[in-house]
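Protein chains: 2
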Amino acid sequence: MKDSIQKTSAGRPRGFDVEKALDGAMRVFWQKGFDGASLTDLTDAMGINRPSMYAAFGNKEDLYSKTMERYVEARSQHLGEYLGAPTSRESVELVLRDAVMRFTDPNNPNGGCFGMQGAMTCANVSPQLKEHIEDMHVALEKALRQRFSRAIDDGELPRGSAADLARFYAVIYQGLAFQAKAGGGRRELSRVVDMALEKWPRQSSKVSKASSFR
Amino acid sequence: MKDSIQKTSAGRPRGFDVEKALDGAMRVFWQKGFDGASLTDLTDAMGINRPSMYAAFGNKEDLYSKTMERYVEARSQHLGEYLGAPTSRESVELVLRDAVMRFTDPNNPNGGCFGMQGAMTCANVSPQLKEHIEDMHVALEKALRQRFSRAIDDGELPRGSAADLARFYAVIYQGLAFQAKAGGGRRELSRVVDMALEKWPRQSSKVSKASSFR
DNA sequence: CCTATTATAGATCGATCAGTACAGATTGTT
DNA sequence: AACAATCTGTACTGATCGATCTATAATAGG
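Going down the list, the sequences are from chains W and A. Position 96 (the first sequence) corresponds to 95 in numbering that gives the first Met the number 0; numbering is contiguous. Position 125 (the second sequence) corresponds to 124 in numbering that gives the first Met the number 0; numbering is contiguous.
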């Protein structure tokens, strides 16, 4: 039989696209959270009915887990690219600029970050999934920290600053995600990124010039 | 009878403390979100039964609204004090330090900020309440902006920086709240506050000098 | 064609949801 | 003591929840 290669499995073929369905489910979970999304909401958005969903994905929590996985996979792929930039500062800037674009994407019905939405609404899921979601959020900070460590080795950054910088920009990232849901537009959030990469403004009376702030 | 002064209302007196009950409800809403919190969860935590809750607070959404009001009232009171500091920078520092303490308070079973939790889990509430929650979040940024405007008039800050600074520190605030839920400890978040009030670290070997991005 | 296998569709399951009816309990007023 | 008013506790409502049963449709291998 040599199955397992998912070749031509006998039987009626699936009448929907799994990834499209996951995208539909993600939209609903993103907008309503885990508890707020009902099976009716989900299957409607997925374009399938209940038994098809259960056969293909297991149950509601499994479906949630799979949408989350799909989301983080796409995200971490981009993250990897950005962290490949020559300097850590360029890397961070790429990450943050891209974040602003995504968080404020008008094509994205729900602003912000699906992963963060998940972390705030996963109170009623299994401990394992909860832990998995938590790990996911540490991933960004961890990736940044590794990138900054490399920058230290390269002489781009002073020693001992990797962990602090990683945490700082993780906070910026997450703050941007929330602010995007709270009315922050693309231009405004871009200014925040500018500032996060700059410094506290000089005293007024004089100066301002070099720091500029625009 | 000149009622309305809520004096000695005839009838059996209420057997519970309204504010204690609201605190119990807040804990549940904070942990589970609006959809995730069931009436059983809520009344258990409030120490009362269903009819008492409905008689005293209206319905689930009203209860949610009242816990939120109670939360923001306490918060805005402290905020007002902090913004009264001599300089805007002191004000911001007080706000952020206090935020870190609250977000990471071990007595607080749920980390982070209840208001932000609300913004992420209010998809299934009425549009009015949703709007009210949104306004609430703009309030911090607005208060900061006014404080920075005053600082500009005082000559503490360069002209035209109020809106940007307000948005920047609002992002920091909200990022801290989320990071507190994602494992960030008190020491780590305090370092982030330090950095938010400082500047990007100097280059180690040479410089990236004026390049400065953007 | 026949059988095995898998997916779809509608109906339905027990459990739980938010909300309430009703009877008893506790107060102030007369 | 009697009454009106208010709160509490139990049990219940219809609706909806997540999940499944059953029947039928569609495919592959024989």
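Built from N, CA and C at the ideal position, the CB exists for glycine as well.
Around A176(W), the same chain offers F102, G111, C112 and M115 as residues with beta carbons nearer than 6 Å, after the five sequence neighbours per side are excluded. Sequence-ordered contacts of the segment 102-136 of chain A with chain W read M115, Q116, A118, M119, T120, A122, N123, E133 and H136 [C-beta pairs closer than 7 Å]. Interface annotation, F177(W): in contact with chain A, CB-CB separation under 8 Å. Excluding the 5 residues flanking it on each side, A44(W) has same chain C-beta neighbours closer than 7 Å at G23, A24, R26 and V27, in chain order. Taking 8 Å as the cut-off, the Cβ atoms of R49(A) and L38(A) count as close. In this structure, A162(A) places its C-beta atom within 8 Å of the C-beta atom of R144(A). At a cut-off of 8 Å between C-beta atoms, K59(W) does not count as an interface residue with respect to chain A. Nearest to E140(W) by C-alpha distance, out of G182(W), D104(W), S64(W) and F167(W), is F167(W). With respect to the C-alpha of R13(W), the residue from R149(W), P85(W) and G46(W) having the closest C-alpha is G46(W). Restricting attention to alpha helix (DSSP H) runs no shorter than 4 residues, the segment 27-90 of chain W encloses them at 38-45, 49-56 and 59-81, ordered along the chain. Here the alpha carbons of K31(W) and F56(A) stand approximately 25 Å from one another. In the three-state scheme derived from DSSP, where H, G and I count as helix and E and B as strand, A181(A) is classed as coil. Ranking G10(A), G35(A) and L128(A) by CA distance to the CA of K65(A) puts L128(A) first.
With respect to S90(W), A84(W) sits close: the two C-beta atoms are nearer than 8 Å. Taking a beta-carbon distance threshold of 8 Å, A44(W) does not count as an interface residue toward chain A.
Across the structure, A36(W) and S75(W) are spaced so that their CA atoms are roughly 25 Å apart.
Nearest C-alpha to A118(W) among R11(A), S51(A), G182(A) and A9(A): G182(A). Here T86(W) is actually not in contact with A142(W); their C-beta atoms are around 16 Å apart, not less than 8 Å.
Here V124(A) is near E60(A), since their CB atoms are less than 8 Å apart. According to the DSSP assignment, R11(W) belongs to no alpha helix (DSSP H), since it is labelled neither H nor E. Chain W has no Cβ within less than 8 Å of the Cβ of E92(A). The three-state reading of DSSP puts G111(W) in coil, since its state is none of H, G, I, E or B.
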